[in-house]
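First comes the structure, then the notes that go with it.
Chains as they are written, first to last, in our numbering: chain F, 1 to 210; chain X, 211 to 420.
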C-alpha cells in the first residue's frame, strides 16, 4: 500500500488539502482529539504517517513511506538520500540572518570574524558563512533562537522567517536571505524507479494538482 | 545579576517551585498568556531565561546563565562542559529500551546484530549497545519514536519513559533500563570558582531546599 509521510506543524493543513485533491482523505489528522499517528484513508487506498517535519525524510529514506511532504529547509539542513521531485508552492518562508536593530551591524559581511551566530540550522549557517569566507562560531540551539542575541550570547542568528513577527517582537531585523523555502514532494528513489504501488502515477497526479 | 536557565516542558513547574523556596519568584513563566522568555524576579535579585531543555546547558556553557536546571538525560546525551552539582530529586524518569510486545525479542541481548534502533538519544543508544558489544544501526528521530517499530522501521527504540503510558498505547514493552534520570542543578564552572553574584551561596541554598 502507498504510504505518505506528512509533517506535523505549519505544513500540515496544506499537505492534507493537496492529498485530498488527488482523492486521498487524511483529514483525521486535522482533528485535535486525534491521537493516531498512522491512518488509512476511508477508501483503503493509502496510508499516512504523521511525524515531525525533520523525521519525514528519515521515513522516506528508509522506504517506510514512498512519498513525503517536507520543507526545503529540512532537506537543505539534513541532506537526506531522497529524490526531491515537486515544488508544492505552499509553506513559503525564507532562511535568513537577523541581528539586533539597535546593534552596529547591518549585514552578514559587517559581522566581525570569529563572532557567534546561533541557529537551529547549523549546517546551513556554516555553509553560508564559509561561502562568505567569514569564520564564525555557530551555536546550535533547539528553539527560541531569537533569545540568543537579546542576552548577548550571539551577534546574529540564522533562522526560518515567515511573517517576521517574532523577529520584530524581539527587536531583531532581517539582513540577509540565504534562500527561499517551500514545501517539497520527496520520494524514495528505489520505489519510484520500480514503480511499486504506482508511485509514478501518484507523483504525476500530485504534480498536476499543484 | 544572577541568571538561571529554566527548561520549558515537564520540569518547568517543579523548577519554579524550587526557586521560590530560595526566594526567587519566576511564576510569570507558568502563566499561559506569558510570551516573555526573559524575566527578572519582583525583588530585582535575579533573572531567568525560559528555554528548551536541550538549550539549558548551552546557555550555561557559554556563561549567559550561571545556573541551570535540566534533566540528566540531556546531560548524558550532550555531554556539555558544565558542572553538575545537585540532584534535585524531581523529574524522575528512566532511559529505556522498548520493543513490540508481540515481537520475538524480550531484551536488548535478544536483538539480532545489525538491527535498527530508533532514538532521539543517539549518543546514549550507541554507547549502550557498544557496551553490550552488539552492533546496531541507530536511526535518529526527533519525535514520536514509538511509531518506528509499529511501521517496521526499527526493531526497538531507546527513549525516556515516565509513566509508560505512551509505550502501552503503542503495544510496546520496556525491556531494559539504561539509567534513571532526575533534574539536576548545573553551574557555569568559572562563575562558580570566581563566585561572582554569590553563585556559591545560591547553590548552597538550593542544595538545602531539596
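C-beta: ideal position from N, C-alpha, C; glycine also.
Inset, instruction - Output yes if chain F places a C-beta closer than 7 Å to the C-beta of residue 361(X); else output no. - result: Output row for residue 361(X): interface = yes.
Legend entry - Candidates 272(X), 220(X), 347(X) and 264(X), of which the one nearest residue 324(X) by Cα: Nearest option by C-alpha distance: 347(X).
Inset, instruction - Alpha carbon to alpha carbon, how far is residue 268(X) from residue 83(F)? Give it in angstroms, no decimals. - result: For the pair residue 83(F) and residue 268(X), the Cα-to-Cα distance works out to about 35 Å.
Legend entry - Any 3 or more C-beta pairs closer than 8 Å across the segment 155-168 of chain F and the segment 84-101 of chain F: In this structure the segment 155-168 of chain F lies against the segment 84-101 of chain F, because at least three pairs of beta carbons, one per stretch, are closer than 8 Å.
Inset, instruction - Reducing DSSP to helix, strand and coil, say where residue 304(X) ends up. - result: Note: residue 304(X) maps to strand in three-state DSSP.
Legend entry - 7 Å Cβ cutoff, residue 261(X) in contact with chain F: Interface annotation, residue 261(X): in contact with chain F, CB-CB separation under 7 Å.
Legend entry - Among 254(X), 251(X), 278(X) and 272(X), nearest to residue 263(X) - alpha-carbon criterion: Among 254(X), 251(X), 278(X) and 272(X), the Cα nearest to that of residue 263(X) belongs to 278(X).
Legend entry - residue 5(F): first and last residue of the uninterrupted beta strand (DSSP E) it sits in: Boundaries of the beta strand (DSSP E) around residue 5(F): 2-7.
Inset, instruction - Say whether chain X places a C-beta atom closer than 7 Å to the C-beta of residue 55(F). - result: Residue contact check for residue 55(F) against chain X: a CB pair falls below 7 Å.
Legend entry - CB of residue 376(X) within 7 Å of CB of residue 301(X), strictly: Not a contact, by the Cβ cut-off of 7 Å.
Legend entry - Closer than 9 Å at the beta carbon, the chain A residues around residue 415(X): Note that chain A does not occur in the displayed structure, where the protein chains are F and X.
Inset, instruction - Check whether the Cβ of residue 340(X) lies closer than 7 Å to any Cβ atom in chain F. - result: So no, residue 340(X) is outside the interface.
Inset, instruction - Report the rounded CA-to-CA distance for residue 38(F) versus residue 7(F), giving the unit in angstroms. - result: The straight-line gap from Cα to Cα measures roughly 12 Å.
Inset, instruction - Could you tell me if the beta carbon of residue 26(F) falls within a distance shorter than 6 Å of some heavy atom in the ligand MN? - result: Ligands in the displayed structure: none, and consequently the ligand MN is not present.
Legend entry - Given 8 Å, three or more beta-carbon pairs between the segment 281-290 of chain X and the segment 233-250 of chain X: Because the criterion of three Cβ pairs below 8 Å is not met, the segment 281-290 of chain X and the segment 233-250 of chain X do not touch.
Legend entry - Simplified DSSP assignment, three categories, for residue 14(F): Helix, per DSSP.
Inset, instruction - Decide if residue 373(X) is buried, meaning its Cβ has at least 16 other Cβ atoms within 10 Å, or exposed. - result: Residue 373(X) comes out exposed.
Legend entry - Residue-chain proximity (residue 353(X), chain F), Cβ-Cβ < 7 Å: Judged by the 7 Å Cβ criterion, residue 353(X) is in contact with chain F.
Inset, instruction - Examine chain F for any beta-carbon lying closer than 7 Å to the beta-carbon of residue 272(X), and answer yes or no. - result: Flagged as an interface residue toward chain F: residue 272(X), by a C-beta distance shorter than 7 Å.
Inset, instruction - Can you check DSSP and say which residues form a bridge with residue 280(X)? - result: 394(X).
Legend entry - Closest Cα partner of residue 409(X) within the set 273(X), 243(X), 334(X) and 332(X): Among 273(X), 243(X), 334(X) and 332(X), the Cα nearest to that of residue 409(X) belongs to 273(X).
Legend entry - C-alpha distance - residue 214(X) paired with residue 253(X), whole-angstrom precision: About 15 Å.
Legend entry - Inside the segment 312-400 of chain X only - alpha helix (DSSP H) runs reaching at least 4 residues: Complete alpha helix (DSSP H) runs here, min 4: 332-341, 357-360 and 375-379.
Inset, instruction - Would you decide whether residue 276(X) is buried or exposed? Buried here means 16 or more other CB atoms lie within 10 Å of its CB. - result: Residue 276(X) should be labelled buried.
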